[in-house]
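Written out below as structure tokens is the structure these notes cover.
Number of protein chains: 2
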Amino acid sequence: MRAVPARAASAKDDVTVKLIGIFKKLIAEGALLPGGRLPAERELAETFGVSRSSLRQALKVLEIMGVISQRVGDGTYLNSGAQRILGEPMEFLILLDGISFHELMEARLIVEPALAARAADRASDEDIADIRRELIAMQTGDPSRLTAHDLLFHQAIFRAAGNRVCGQMFAVVHRSLENMIRLTSQLVTPDHTLNLHRRIFEAIRKRKPEDARRRMEEHLLDAKSLLVRAMKDREQTDRQTQIAVLSKASRRGLTARSGRKRV
Amino acid sequence: MRAVPARAASAKDDVTVKLIGIFKKLIAEGALLPGGRLPAERELAETFGVSRSSLRQALKVLEIMGVISQRVGDGTYLNSGAQRILGEPMEFLILLDGISFHELMEARLIVEPALAARAADRASDEDIADIRRELIAMQTGDPSRLTAHDLLFHQAIFRAAGNRVCGQMFAVVHRSLENMIRLTSQLVTPDHTLNLHRRIFEAIRKRKPEDARRRMEEHLLDAKSLLVRAMKDREQTDRQTQIAVLSKASRRGLTARSGRKRV
DNA sequence: GCTTGGAGAATGGTATAACCAATTCTTGCC
DNA sequence: GGCAAGAATTGGTTATACCATTCTCCAAGC
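Respectively, the protein sequence lines represent chains U and D.
Following my numbering, the numbering of the first sequence begins with 7 at its first residue and continues without gaps.
Following my numbering, the numbering of the second sequence begins with 7 at its first residue and continues without gaps.
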């Protein structure tokens, strides 16, 4: 056996990781400003002393996360806001941890009442106008966009609560639940949901935090039970097996029971 | 002018995005099981009809997000749990949106009292034992690991609240705040924090949700004001400018005021 | 002077080939 | 049976070439 290298191999030397770290530092230091344009890939690669392929791996990670945007023939730009930065990761989190819609609704039940109370405490007049706007849109707008406005109503409350961290997080949770929530709208009249929303809104408008918390809790508990009923109705979900080309590979090596497992 | 291609160019045709979508489907369908081993890169590339470089871009994204792990000479494996899946994205979110420690503490203030109340409602005996363990570790353990156990105490409460979504999210928030929280421990005696923790624990143990909520709020408000004091004390943070090689590039083209801006 | 083409440059997207280092598997010797 | 050397496999990295899109810029035409 050859002599074991002395250096600890625990810390990964991955070039991609290093590059991402560099970009992180650049952003933190303000060398890279939102909306700003990065040098060309070929130039960046030379600057960092890596190949273009390696650099592209790092850039791709940043693009998928929503940190940058790349356009052919144009260039690479640092995104101003982090709109959908938690989107992809959250979807994989749901997949990998096998998180059910039930648990997602639970998360809403934990957080959103608290956010509603917060909103009642410190919503500006403008915030309240925003919330009212979504309420009215649900009432008079296109019925097909009812679920969309439902969620926008909730997100307006998040903004009123004045915390972008929570806002970002639950915008993602909402998106993951959107399709399921749409199912529930067939079980009740639009007025049903609307009334519950109105009660939340009134509590916020009247600056009654504890009321807002209770109303929100009430609304989400109702939505949750509706969701359970809706899911029971359709029992089996439609399994898509579009990628036929992969069935072979999956039988061979894609499952857990393949050889060469880690000891 | 040449004839404009008829196909809408709005939907991105990015191969990497497609590949990630494929992997997502494979995981969703169960063709890929946690802990399972994926085929070799060269084989996957051939299966999907893409180059190895393109495939590697997709795999790298998944690896950074924590979905898979790659080991040289061994292979690529699907991770069982999504431990740190929101870590990187959250850090970029904080950077890009310019989220301050203040806002992070606000987020904790919104969510953690609600989680504490939840924990008081439904913690198992085992959960309570876990929380107690962290409390004792703070009391008798290594003083240098006091902050670590402080945060572990909070995360034990998250687990007791029984929601992995919230748990994942705020484990990340905690990590982002860890260094700053450590600063505050110099301003008070260990007993100070310990007592506040004990009161939260007792409320949970005695199954008093509203008490737990209040105690947690009390603790976080205290921590927040300590944090403000600590920050005032050191005023200027040490700016690290490690990547000297980049200062040139940043002066040239990395800032927002470069040419070729989007119209 | 202003608009309008069009050529050429720049840029991101992809594919191919080659080599390296780490790990695992296989083989054959003792 | 155990073990060590070599072969095969696998991810990590680099280099190069080509494509399609977009932008820049200058000259021709009005």
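Here a beta-carbon is modelled for each residue, glycine too, at the ideal position from N, C-alpha and C.
Delimiting residues of the alpha helix (DSSP H) encompassing residue i
i: I28(U); result: 21-35
i: T53(D); result: 47-54
i: D136(D); result: 131-146
Nearest-angstrom beta carbon gap, residue j and residue i [assumed within contact, 8 Å]
i: V179(U); j: F98(D); result: That belief does not hold up - the Cβ atoms of V179(U) and F98(D) are roughly 19 Å apart, past 8 Å.
i: R221(D); j: I206(D); result: 4 Å
i: M96(D); j: L233(D); result: Rounded, the Cβ-Cβ distance is 19 Å, inconsistent with contact.
i: G41(U); j: S75(U); result: Incorrect: roughly 10 Å between the Cβ atoms, too far for contact.
i: I28(D); j: A120(U); result: Going by Cβ atoms, the distance from I28(D) to A120(U) rounds to 38 Å, so no, they are not a contact pair.
i: Q63(D); j: Q63(U); result: 5 Å
i: H203(U); j: L141(U); result: 6 Å
i: A129(D); j: A166(D); result: 4 Å
Length of the line joining the Cα atoms of residue i and residue j
i: D19(U); j: L65(U); result: 17 Å
i: N201(U); j: D127(D); result: 29 Å
i: M175(D); j: L158(D); result: 14 Å
i: R124(D); j: I105(U); result: 18 Å
i: V78(U); j: L84(U); result: 15 Å
i: H155(D); j: D80(U); result: 49 Å
i: L44(U); j: A37(U); result: 10 Å
i: D244(D); j: R211(D); result: Any reading at D244(D) must be qualified, since the residue scores a pLDDT of 39, below 50, and its modelled position is unreliable; the value itself is stated next. C-alpha separation (whole angstroms): 42 Å.
i: S60(D); j: A46(D); result: 14 Å
i: V171(D); j: D136(U); result: 28 Å
i: E223(D); j: L92(D); result: 25 Å
i: R58(D); j: A51(D); result: 5 Å
i: A177(D); j: L101(D); result: 17 Å
i: R219(U); j: D228(D); result: 23 Å
i: E184(U); j: T153(U); result: 7 Å
i: R181(D); j: P196(D); result: 20 Å
i: R138(U); j: A209(U); result: 12 Å
i: K31(D); j: D148(D); result: 46 Å
i: R90(D); j: L193(D); result: 31 Å
i: K214(U); j: E118(U); result: 15 Å
i: G173(D); j: M237(D); result: 27 Å
i: D217(D); j: T199(U); result: 32 Å
i: I4(U); j: F164(D); result: The shown model of chain U, from 7 to 269, leaves out residue 4(U), and the question about it has no answer.
i: D133(D); j: E35(D); result: 33 Å
i: T53(U); j: I33(U); result: 17 Å
i: M144(D); j: S150(D); result: 10 Å
i: M186(D); j: S231(D); result: 12 Å
i: E67(U); j: L68(D); result: The amino acid at residue 67(U) is misidentified as Glu; the sequence shows Val. Taking the straight line joining both Cα atoms gives about 8 Å.
i: R48(U); j: T82(D); result: 29 Å
i: T190(D); j: E109(D); result: 17 Å
i: D103(D); j: K24(U); result: 22 Å
i: F107(U); j: L39(D); result: 20 Å
Cβ neighbour criterion (16 or more within 10 Å) applied to residue i
i: D131(D); result: exposed
i: T22(U); result: buried
i: G168(D); result: buried
i: T146(D); result: exposed
i: R235(U); result: exposed
i: I26(U); result: buried
i: I70(D); result: buried
i: D239(D); result: exposed
i: G55(D); result: exposed
i: E94(D); result: buried
i: A122(D); result: buried
i: K254(U); result: Bear in mind that a pLDDT of 34 at K254(U), under 50, signals an unreliable position, so the number given afterwards is only what the model happens to contain. Exposed: under 16 other Cβ atoms inside 10 Å.
- Segments of 4+ residues assigned as alpha helix (DSSP H) that fall wholly inside the stretch 68-128 of chain U: 93-102, 107-128
- In chain order, which alpha helix (DSSP H) runs of at least 4 residues are fully inside the stretch 164-207 of chain D? 170-190
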